[in-house]
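Heads up: the structure comes next, in structure tokens.
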Amino acid sequence: MAMRDRDLYARMLGIESPWQVRDVGLDLNEREVLVHVDMDPGAQLACPHCGTPATCYDKRTRKWRHPDTCRYRPILSAEVLRVTRPEHDVSLITAPWAEPGGRYTALVIDWLKEAPPSAVSRRLGVSWNAIDSIMLRTVRRGLERRQIRERHAHLCVGETVFSNRHDYVTVVTDRKSGQVIRVGEDRNKETLEAFYVGLDRAQMTATENIPISMDMWPAYIQVTLASITGASGTIAFDKFHVAKAVNRVRCQEHKTLLREGNTLLKGSKHAWLTNSDNMSRTQWCDFAALRPTNLKTARAQAIKGQGMSLWHHVYRTWVKKCWRRCYNRAICSR
Numbered sequence: 022m023a024m025r026d027r028d029l030y031a032r033m034l035g036i037e038s039p040w041q042v043r044d045v046g047l048d049l050n051e052r053e054v055l056v057h058v059d060m061d062p063g064a065q066l067a068c069p070h071c072g073t074p075a076t077c078y079d080k081r082t083r084k085w086r087h088p089d090t091c092r093y094r095p096i097l098s099a100e101v102l103r104v105t106r107p108e109h110d111v112s113l114i115t116a117p118w119a120e121p122g123g124r125y126t127a128l129v130i131d132w133l134k135e136a137p138p139s140a141v142s143r144r145l146g147v148s149w150n151a152i153d154s155i156m157l158r159t160v161r162r163g164l165e166r167r168q169i170r171e172r173h174a175h176l177c178v179g180e181t182v183f184s185n186r187h188d189y190v191t192v193v194t195d196r197k198s199g200q201v202i203r204v205g206e207d208r209n210k211e212t213l214e215a216f217y218v219g220l221d222r223a224q225m226t227a228t229e230n231i232p233i234s235m236d237m238w239p240a241y242i243q244v245t246l247a248s249i250t251g252a253s254g255t256i257a258f259d260k261f262h263v264a265k266a267v268n269r270v271r272c273q274e275h276k277t278l279l280r281e282g283n284t285l286l287k288g289s290k291h292a293w294l295t296n297s298d299n300m301s302r303t304q305w306c307d308f309a310a311l312r313p314t315n316l317k318t319a320r321a322q323a324i325k326g327q328g329m330s331l332w333h334h335v336y337r338t339w340v341k342k343c344w345r346r347c348y349n350r351a352i353c354s355r
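Per my numbering, the very first residue in the sequence shown carries number 22; after that it's consecutive.
Following this line, the structure appears as structure tokens:
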């Protein structure tokens, strides 16, 4: 049975009762598909603020841009009702396919979660500033809706970079829920200190008894130790920095060997950094030839492997034993 164009676009755009596609038009000159949507006249109206029944006040014609379909721009058009209640005055009801006040459908926002603004701007054929405005409004609405938990089970403090890896931001998240709690400019002491200062007394007390995972960055460590009582026993470091230390040894030794005309470590950077479980057979064979050597890098790699096992333990007693063995081996190999 053939599907009508109205049913097709209703499926494509996710339009469901009480909304329905009334008409679909095609503008060849503008390369646009005009999709007219109406609300069922018998639908129960509700206040967008409190959800209680409301009465119709008037209508407002609104339009939304949707991502291109078959090289045509779908434009949704609907007469959106305004409802009234004594408690909230006159309010525009929310269209389910877009955010309140938005001029683009929710799918555009979904694109921005997966692709950079420049790519979305290019695909939609709109300016970068328009896409940036969409992001800013979306983030602002998200911040207004989110509910920060009074207590967190595990905090994570990390850094990330943008703008060609020259600008840093500090990100504080709840490891259990994945919720971003705070984002601050730069990665200095003041940035993280501002987060700790903003905690109330109850939150600060709760933070004293939970693990805090962080990058091995001196500014983060120092301000956490200074701000949180007992933090010396709750700070946990990212294992990435352990692997990074091995690469530092490799770089130094590689320079020394090159001055002597030895190219043994040439092209081996990724072999030392890659987890052995993720290596191909060829990579493993090449790497295995380097491991038995008396290179400092080989010894550092062995210590790294032993150190990585720390993250597999659950109980503090076993972690301490493993750490002592790893520490003693590192001291003896100097």
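Glycine included, C-beta positions come from ideal geometry on N, C-alpha and C. These numbers come from a predicted model, not from an experiment.
Using the C-alpha atoms, what's the distance from K260 back to D40? The question names Asp, but residue 40 is Trp in the sequence shown. Cα to Cα, W40 sits roughly 52 Å from K260.
How would you call H87, buried or exposed, if buried means at least 16 neighbouring beta carbons within 10 angstroms? buried
Is the beta carbon of I256 less than 9 Å from the beta carbon of P239? no
In chain order, what residues of the same chain have a beta carbon less than 8 Å from the beta carbon of Y30, not counting five sequence neighbours either side? The beta carbon of Y30 sits closer than 8 Å to the beta carbons of I36, V42, V45, V54, V56 and P95 from its chain, once the five residues preceding and following it are set aside; these are given in chain order.
Cβ neighbours of P74 in the same chain (closer than 8 Å, five flanking residues each side left out): Excluding residues within five positions, the ones whose Cβ falls inside 8 Å are Q65, L66, A67 and C68.
Cut-off 6 Å between Cβ atoms - residues of its own chain near S234, not counting five sequence neighbours on either side: C177 and A257
Looking at E120 and R20, is the spacing between their C-beta atoms short of 9 Å? The chain is shown from 22 up to 355; residue 20 falls before or after that span and cannot be answered.
Need the endpoints of the alpha helix (DSSP H) that V335 sits in, please. Element bounds for V335: n/a, residue is neither H nor E.
If you count every other CB in all the chains shown that lies within 10 Å of the CB of Y4, and 16 or more means buried, which is it? Residue 4 lies beyond the residue range present for the chain, which begins at 22 and ends at 355; the question has no answer from this structure.
Taking the beta carbon of S253 as the centre, do at least 16 other beta carbons fall within 10 Å, making it buried, or is it exposed? That one is exposed.
Does the segment 239 to 250 come within contact of the segment 196 to 211, defined as at least 3 CB pairs closer than 8 Å? yes
Where L145 and M60 are concerned, what is the direct C-alpha to C-alpha distance, given to the nearest angstrom? 27 Å
Should A23 be labelled buried (16 or more other beta-carbon atoms within 10 Å of its own) or exposed? With a pLDDT of only 44 at A23, under 50, the local geometry of the prediction cannot be trusted, and the value read off the model is given with reservation. Result: exposed.
Hey, which unbroken runs of the alpha helix (DSSP H) at 4 residues or more fall wholly within the segment 187 to 242? 210 to 218 and 222 to 228
How long is the line joining the alpha carbons of V192 and L34, rounded to whole angstroms? 35 Å
In this structure, how does DSSP classify D61 when only helix, strand and coil are distinguished? coil
What are the partner residues of P95, as DSSP defines its beta bridges? Bridge partners of P95: V54.
DSSP puts A257 in a beta bridge; with which residues? S234
Unbroken beta strand (DSSP E) run spanning V45, endpoints: Boundaries of the beta strand (DSSP E) harbouring V45: W40 to D48, taken from the DSSP string.
For H333 and Y359, the rounded distance between their alpha carbons: Nothing in the structure corresponds to residue 359, since the chain is present only between 22 and 355.
beta-carbon G63 near the ligand ATP non-hydrogen atom, thresh 8 Å: In the structure shown, the ligand ATP is absent, as is every other ligand, since no ligand is present at all.
Around the Cβ of I352, are there at least 16 other Cβ atoms within 10 angstroms (buried) or fewer (exposed)? exposed
Name the residue from G63, Y93, R106 and R83 whose alpha carbon lies nearest to the alpha carbon of G72. R106
My guess is that D131 and R103 are in contact by the Cβ rule of under 8 Å, so how many angstroms apart are they, rounded? The pair is not a contact, with the Cβ atoms about 28 Å apart (cut-off 8 Å).
In the structure shown, what three-state DSSP assignment does S139 receive? helix
Nearest to A215 by CA position, among S248, Q200 and R196, is which residue? S248
Which same chain residues end up closer than 8 Å to V129 when comparing Cβ atoms and leaving out the 5 residues on each side of it in sequence? R86, H87, P88, V141, L145 and I155
What residue range does the beta strand (DSSP E) around L176 cover? L176 to F183
Delimiting residues of the beta strand (DSSP E) encompassing R148: Here the sequence assigns Ser to residue 148, which means Arg is not the residue at that position. Where S148 is concerned, there is no enclosing beta strand (DSSP E), given that its DSSP letter is neither H nor E.
Measuring alpha carbon to alpha carbon, tell me which residue in T194, I152 and G123 is nearest L97. G123
Does the distance from the CB of R27 to the CB of Y93 come in under 9 Å? no
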